[in-house]
Amino acid sequence: MPDRAHRDFLAIPDFSRKELESLFDLADRMSKGKYDRKPLAGKSLAMIFMKSSTRTRVSFEVGTWQLGGHALFLSPRDVQLGRGEPIKDTARVLSRYVDGIMIRTFAHAEVEELAQYADIPIINGLTDLLHPCQILADLLTVKQQLGGYEGKKVAWIGDGNNMANSWINAAYRLGFELTLACPEGYDPDATILKRAQKEAKVTVVRDPKEAADGADVVNTDVWASMGQEEEQKIREKAFAGYQVDGALMKRASKKAIFLHCLPAHRGEEVSESVIEGPQSRVWDEAENRLHVQKAIMAVLMGGEKL
Ligand code: CP
Ligand code: NVA
Numbered sequence: 029m030p031d032r033a034h035r036d037f038l039a040i041p042d043f044s045r046k047e048l049e050s051l052f053d054l055a056d057r058m059s060k061g062k063y064d065r066k067p068l069a070g071k072s073l074a075m076i077f078m079k080s081s082t083r084t085r086v087s088f089e090v091g092t093w094q095l096g097g098h099a100l101f102l103s104p105r106d107v108q109l110g111r112g113e114p115i116k117d118t119a120r121v122l123s124r125y126v127d128g129i130m131i132r133t134f135a136h137a138e139v140e141e142l143a144q145y146a147d148i149p150i151i152n153g154l155t156d157l158l159h160p161c162q163i164l165a166d167l168l169t170v171k172q173q174l175g176g177y178e179g180k181k182v183a184w185i186g187d188g189n190n191m192a193n194s195w196i197n198a199a200y201r202l203g204f205e206l207t208l209a210c211p212e213g214y215d216p217d218a219t220i221l222k223r224a225q226k227e228a229k230v231t232v233v234r235d236p237k238e239a240a241d242g243a244d245v246v247n248t249d250v251w252a253s254m255g256q257e258e259e260q261k262i263r264e265k266a267f268a269g270y271q272v273d274g275a276l277m278k279r280a281s282k283k284a285i286f287l288h289c290l291p292a293h294r295g296e297e298v299s300e301s302v303i304e305g306p307q308s309r310v311w312d313e314a315e316n317r318l319h320v321q322k323a324i325m326a327v328l329m330g331g332e333k334l
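Here the sequence shown stands for residues 29 to 334, where the numbers follow the working numbering.
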């Protein structure tokens, strides 16, 4: 029978500050080759992808295998979910076969419904609202590159999208300073923002220069996310002036790092010189997806303690 005493990872605040710190320690040990347990031996992860993916798909599949388990890639073309089988039915059926589900989809409510009906851990691999695994990888990168996030100033330049919302959730849990420069009409989620502003210095401004001034981390993402492709032209106009280029990076701290979750559109949200430049840490950031997700799976599915 499936185990009902499980926990999910749908959003960063699902973990306490102490648990997040312990998760980063575990991921850091994994990244340094200091972890050789196989907590997923004999276990399977179902990976549901309703949107495209390179990093999430490969890092979850390889990560599951490295922990001794097995991963199944399920696209809408392969599973009945793509033909309209209800999420709640999919949740109960998959719970009888596998030990965890990673899902990437559109509406965040679908992931919550999956978690409500499943008897196994659910991991959010991106929704229109949030991208929590990515922000854990970003925070691990910040810790490894800058020694920690305490007292650091993080700048977000661009769309108030799933990435921005998850950065706000991270500031809410961990208390660092976050300034987001978003064009009018492209602000982050109001509820997520309001909650964070009670716990941390989180500010939304219009001027990218204001956000970048003295920042330790400069972060951006595409102007049109998956599912918004038909808005590309309108968004190019709305986001003109929001490119992270050399001039903007000069306003940040001398030791500042540049992060981007990828895929990147060079010449739009970031210049070629910044993404390929000496302050860019985007490849370490991408690698850290593997380490943080292995830590999440080891804890949620493999009995590893935090
Ligand atoms: N950053 C990220 O989630 O990349 P993919 O869309 O390739 O998974
Ligand atoms: N905001 C982007 C992130 C891609 C990893 C999107 O949702 O498409």
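The beta carbon of each residue, even a glycine, is placed where N, CA and C say it ideally should be.
### Message
So, at 8 Å on beta carbons, what are the nonlocal neighbours of residue 192 in its own chain, with the 5 sequence-adjacent residues on each side left out?
### Response
184, 186, 208, 210, 216, 249
### Query
Say the cut is 7 Å; is the CB of residue 152 nearer than that to a heavy atom of the ligand NVA?
no
### Query
Any idea what DSSP makes of residue 107, helix, strand or coil?
coil
### Query
Exposed or buried, which one is residue 60 when buried takes at least 16 other CB atoms within 10 Å?
exposed
### Message
Whole angstroms are fine: how far does the CA of residue 79 sit from the CA of residue 254?
### Response
7 Å
### Query
In terms of alpha-carbon separation, which member of 171, 54, 53, 322 lies closest to residue 95?
322
### Query
Counting pairs of beta carbons, one from the stretch 306 to 320 and one from the stretch 160 to 180, are three or more of them closer than 8 Å?
yes
### Task
Flag this pair as touching only if the stretch 95 to 108 and the stretch 35 to 44 have three or more C-beta atom pairs under 8 Å; answer yes or no.
no
### Selected residue, minimal CA-CA separation from residue 67, among 93, 76, 87
93
### Query
Do residue 77 and residue 103 have their CB atoms nearer than 8 Å?
yes
### Query
Terminal residues of the continuous alpha helix (DSSP H) containing residue 115?
115 to 123
#### Entry: heavy atom of the ligand SAM below 7 Å from residue 249 C-beta
As for the ligand SAM, it is missing from this structure, which binds only the ligand CP and the ligand NVA.
### Query
So is residue 291 buried or exposed if we call it buried at 16+ other beta carbons inside 10 Å?
exposed
### Query
Going by C-alpha distance, which of 125, 81, 266 is nearest residue 155?
81
### Classification of residue 114 by the beta-carbon crowding that lies within 10 angstroms, buried from 16 upward
exposed
### Query
Since residue 137 contacts residue 122 with CB under 8 Å, what's their CB separation in whole angstroms?
With a Cβ gap of about 18 Å, residue 137 and residue 122 do not count as contacting.
### Query
Once you ignore the five residues that flank residue 241 on each side, which residues in its own chain have a CB closer than 7 Å to its CB?
279
### Task
Determine the direct distance from the alpha carbon of residue 202 to that of residue 139, and round the result to whole angstroms.
24 Å
### Message
Let me check understanding here. Comparing Cα to Cα, which of 148, 296, 197, 35 lies closest to residue 222?
### Response
197
### Query
Do residue 328 and residue 35 have their CB atoms nearer than 8 Å?
yes
### Query
Whose C-beta lies closer than 8 Å to the C-beta of residue 296 among residues of the same chain, with five residues either side of it excluded?
250, 251, 264, 267, 271
#### Entry: Check whether residue 173 and residue 303 have beta carbons under 8 Å apart
no
### Message
Which residue wins for smallest C-alpha separation from residue 281, given the options 262, 301, 237, 259?
### Response
237
#### Entry: When 88, 62, 65 are compared against residue 72, the one with the closest alpha-carbon
88
#### Entry: Rounded separation between residue 289 and residue 125 - CA only
32 Å
### Task
Give the range of the beta strand (DSSP E) segment to which residue 288 is assigned.
285 to 288
### Query
Just to check, is the beta-carbon of residue 84 closer than 7 Å to a non-hydrogen atom of the ligand CP?
yes
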